[in-house]
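Residue numbers (full-length UniProt numbering): 1 to 290. Idealized CB from N, CA, C, for every residue including glycine. No experiment lies behind these values; they were computed from the predicted model shown. Quick notes on the structure that follows.
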Amino acid sequence: MPAADVLLSWFDRTARDLPWRDPDCSGWGVLVSEIMLQQTPVSRVEPIWREWLARWPVPSALAASSQGEVVRAWGKLGYPRRALRLHEAAGVIAAEHGDVVPADIDTLLGLPGIGAYTARAVAAFAYGQRCPVVDTNVRRVVARAVHGAGDAGPPATTRDMADVAKLLPEQDAVAAKYSAALMELGALVCTARNPQCADCPVYDTCAWQLAGRPAYTGPVKAVQKFAGTDRQVRGRLLDVLRGATGPVTRGQLDAAWSEAGQRDRCLDSLLVDGLVEQTDSGLFALPGEH
DNA sequence: CATACGTGGTC
DNA sequence: TGACCAAGTAT
């Protein structure tokens, strides 16, 4: 993947106009977007992100709301523990960082829900730092364009970041934009299925293309089951609570799933996770909503 | 390192 | 139609 200029100019021409890419978007806006975008498509995140930033423009505002309100506002973005962790992170940012999202990667890594990807994404996209930002898109683009493979193998954070670090342009702001461009390329052109190689700005230098686009030969990726899993049951239970205005009876939750054993196990795990609380009278509610 | 963790769109 | 996929993190 040589010729950073080609990718950068392609990004200038075709990048989506996403609200968290506005130069005036705060670090908080960027952080909220990155958390929401973890395993969740842009199209589903954008409207919720707008609601959140309008309602909670700074971390302290979110921290002042109850966990239940936050989980409710998370809606059906999925993986609702993210909402709880973001709420907790907002409290730390408000209390210990002057209500400003930290720019230091190690400080960011210390916050709940922020891992190797998100910490660097915030450092790069909110603060213009030069650091490798490696998500699934970037891993796939590098696997193809640099290594000539059909797809990325299993994640190996240290090696993946070293791969990307070699590609980054020297200047901080340019490197940050380059990372965004790499992600955009993976999201729109160099996609997992049916990549649009004819529209690719780095077609001429892509190692995968030059090798004749060989099929992926690495280990088979585990398929994620959903139907019938605890994840589905937890989702159903939480959906009942989101749809209610206050605490509900165990009987109301019974309607969410027929098999009692699994239902009870999932309800217990939601209580353990803090996504559900039990009232003194034995009812169930979103945290803080009783 | 593998697995659990939501939800909905696409081919 | 059902498998695959979507800007990962925590354990």
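By the Cβ test, the region 109-127 is in contact with the region 79-90, since at least three Cβ pairs between them sit closer than 8 Å. A distance below 8 Å separates the beta carbons of Ile48 and Gly75. Bridge partners of Val248 according to DSSP: Phe284. Here Ala90 is near Ala63, since their CB atoms are less than 8 Å apart.
Around the beta carbon of Ser179, a 10 Å sphere encloses 16 or more other beta carbons of the protein chains shown; the residue is thus reported as buried. When only Cα atoms are considered, Leu185 and Thr191 end up about 8 Å apart. With fewer than three CB-CB distances shorter than 8 Å, the region 51-58 does not count as touching the region 250-261. The C-alpha of His147 lies about 25 Å from the C-alpha of Gln39. In its chain, beyond the 5 residues on either side, Gly27, Val30, Leu31, Glu34, Val101 and Leu108 have a beta carbon closer than 7 Å to the beta carbon of Val122.
The alpha carbon of Asp151 has as its nearest neighbour, out of Asp273, Thr136 and Gly288, the alpha carbon of Thr136. The beta carbon of Phe125 lies closer than 6 Å to those of Val30 in the same chain, with the five residues before and after it left out. Taking a 10 Å sphere around the C-beta of Asp163, we find 16 or more other C-beta atoms and assign the residue as buried. As summarised for the region 32-94, the continuous alpha helix (DSSP H) elements at least 4 residues long and confined to that stretch are 42-55, 59-64 and 67-74, given in chain order. DSSP, reduced to helix, strand and coil, places Gln209 within a helical segment of the structure shown. Under DSSP, the beta-bridge partners assigned to Gln278 are Phe284. Taking every protein chain shown into account, the CB of Glu69 has 16 or more other CB atoms within 10 angstroms, so this residue is buried. Taking the CA atoms as reference points, Pro19 sits about 44 Å from Ser281. Rounded to the nearest angstrom, the Cβ distance from Phe284 to Leu238 is 10 Å, too far for a contact under 8 Å. The criterion of a C-beta distance shorter than 8 Å is satisfied by Leu77 and Val45. A residue is called buried when at least 16 other Cβ atoms come within 10 angstroms of its Cβ; Val223 does not meet this threshold and is exposed.
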